[in-house]
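Protein chains: 2
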Amino acid sequence: MVRKRSLDGSRPGQTEAGPSRRAPMREFSRSLPMSLLRAREAVMRQFRPSLRNHGLTEQQWRILRALSSVDEIEVTELARLAFLLGPSLSRILRDLEARQLIERKAAETDLRRAVVSISAKGLKLIEAVAPTSEAIYAAITKRFGARRLAELQEMLTALEGDLSDMASGDDAELDANE
Amino acid sequence: MVRKRSLDGSRPGQTEAGPSRRAPMREFSRSLPMSLLRAREAVMRQFRPSLRNHGLTEQQWRILRALSSVDEIEVTELARLAFLLGPSLSRILRDLEARQLIERKAAETDLRRAVVSISAKGLKLIEAVAPTSEAIYAAITKRFGARRLAELQEMLTALEGDLSDMASGDDAELDANE
DNA sequence: GGGAGATGATTAACATGTTAAGTTCTTTTC
DNA sequence: GAAAAGAACTTAACATGTTAATCATCTCCC
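Sequences listed follow chains A and B, in order. So for the first sequence, the numbering used here puts the first residue at 43; every next one is plus one. So for the second sequence, the numbering used here puts the first residue at 43; every next one is plus one.
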């Protein structure tokens with residue numbers, strides 16, 4: 043019934059009242075989701091100030107970058123590429139279009155589909171941000187080591203792949219025990 | 043006339059209109075932030091349905107789990123432990139308190155500080171969710187391999203540590219070139 | 001060829017992320 | 001010992017995440 047603690051260990055042992063806490067799961071701060079979250083936040087913390095200086099959020103930047111790698115693309119495909127959900131993408135596209143950073147038109151063969159492309163203004167913005175972004179990325183790579191970084195990415199990709207074909211934890215039967 | 047693209051790198055050369063697209067940065071879908079995001083999402087996708095069945099969001103669950111590992115804790119410390127920003131934590135605590143899953147009181151020595159603890163009801167909820175959660179975690183571990191998982195976590199922690207003491211990319215000088 | 005169902009995209013509604021302001025209490029400083 | 005500076009939240013405001021519902025179009029099938 044340890045009363046554990048903390049990220050760095052230091053913490054006075056507390057031993058008072060309360061319905062004695064059962065040996066509780068995995069150490070909290072070491073769970074995989076937390077590790078991934080913390081690592082990603084540490085990375086993004088490096089980039090956010092620069093993006094902000096250019097009036098872009100992380101997601102807007104993702105979309106512009108994705109668009110800059112293609113000539114034009116349908117919204118659904120863009121969502122997949124930029125790893126955003128439809129509703130988020132809809133909102134952001136509305137905003138980026140209002141700022142004239144992208145252009146949108148209906149697909150010819152299917153009026154339900156919208157086709158998006160980056161504008162000249164959008165490209166210019168990308169070119170303004172890219173150098174800083176690249177410099178930051180290079181600094182991270184140098185700090186962590188290119189090889190290690192590649193290894194890490196491989197493991198992340200493998201993890202994603204492994205999980206993608208796991209049952210989606212429907213939960214029904216697993217929650218039998220109250 | 044699709045000029046598509048995809049996650050796997052293959053890319054048609056594009057040569058039409060517009061201010062000719064310069065060789066553009068790192069391949070988008072292979073950037074570190076994206077890898078981390080995708081991996082984390084793959085993991086969370088496993089857990090979310092179960093949490094949802096118990097009326098909990100991911101963050102609410104993080105808070106309850108953090109609280110279950112201590113006797114009581116101040117809000118600021120809890121934010122650090124659950125890796126949430128102050129405003130998010132404020133909102134969630136308000137909600138959890140209304141649902142009587144946690145308890146809150148003012149600190150004795152400093153009335154600015156609030157001390158939070160999990161309630162009996164909250165503990166009960168945790169005990170209801172934990173088995174499923176553990177089962178999912180075990181399945182992931184088995185699928186990916188316990189050793190590899192440990193390796194991955196080490197790398198993530200190392201990355202976070204390396205970045206934590208990098209300059210925060212103030213950007214001012216880096217953005218000199220337009 | 002017209003209606004049921006599928007599909008692409010948006011809107012709605014609520015929760016969180018993120019930065020900036022505001023509140024209240026505490027500590028410093030003169 | 002009171003004003004100023006700092007600390008610990010909390011609120012505000014806006015952007016995104018997340019799921020469900022809606023809208024428009026399209027496909028299929030009778």
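Cβ coordinates follow ideal geometry from the N, Cα and C atoms, glycine included.
With its beta carbon less than 8 Å from one in chain B, Thr199 of chain A belongs to the interface.
Contact between Arg80 of chain A and Leu79 of chain B does not hold, since the beta-carbon distance rounds to 13 Å and is not under 8 Å. Taking the CA atoms as reference points, Glu193 of chain B sits about 49 Å from Leu153 of chain A.
For Arg146 of chain B, the enclosing beta strand (DSSP E) starts and ends at 144-148. Counting of Cβ neighbours within 10 angstroms places Thr174 of chain A among the buried residues, the total reaching 16 or more.
It is roughly 16 Å from the alpha-carbon of Gln195 of chain B to the alpha-carbon of Ala84 of chain B. At least 8 Å separates the CB of Ser130 of chain A from every CB of chain B. Annotated three-state conformation of Val158 of chain A is strand, per DSSP. Within the same chain, Leu109, Asp113, Glu114, Ile144, Glu145 come within 7 Å of Ser159 of chain B by CB-CB distance, once the 5 residues on both sides are set aside.
Of all residues in the region 118-146 of chain A, those with a C-beta nearer than 9 Å to a C-beta of chain B are Glu119, Arg122, Leu123, Ala124, Phe125, reading in chain order. Inter-segment contact for the region 87-103 of chain B and the region 165-183 of chain B is present: three or more beta-carbon pairs are separated by less than 8 Å. For Ser71 of chain A, no alpha helix (DSSP H) segment is defined, and its DSSP state is neither H nor E. Put simply, the backbone Cα of Ala162 of chain A is about 14 Å away from that of Ser111 of chain A.
Think of a sphere of 9 Å around the beta carbon of Leu205 of chain A: the chain B residues whose beta carbon falls inside it are Ala81, Ala84, Val85, Arg87, Gln88, Ile182, Arg185, Phe186, in chain order. At a cut-off of 8 Å between C-beta atoms, Ala148 of chain A does not count as an interface residue with respect to chain B. Comparing C-alpha distances from Val157 of chain B to each of B:Arg107, B:Leu135, B:Leu74 shows the shortest one belongs to B:Leu135. Interface with chain A (8 Å Cβ-Cβ cutoff): Gln101 of chain B is excluded.
For chain B, the residues of the region 103-117 of chain A that bring a beta carbon within less than 9 Å of one of its beta carbons are Arg104, Arg107, Ala108, Ser110, Ser111, Val112, Asp113, Glu114, Ile115, Glu116, in chain order. One finds Leu78, Ala81, Arg82, Val85, Leu198 in chain A with Cβ atoms closer than 8 Å to the Cβ of Leu78 of chain B, taken in chain order.
Of the candidates A:Glu100, A:Ser77, A:Arg107, the residue whose Cα lies closest to the Cα of Lys166 of chain A is A:Arg107. Distances from the alpha-carbon of Met208 of chain A to those of B:Ala148, B:Asp204, B:Lys184, B:Leu191 put B:Lys184 closest. Collapsing the DSSP output to three states places Glu116 of chain B in a strand.
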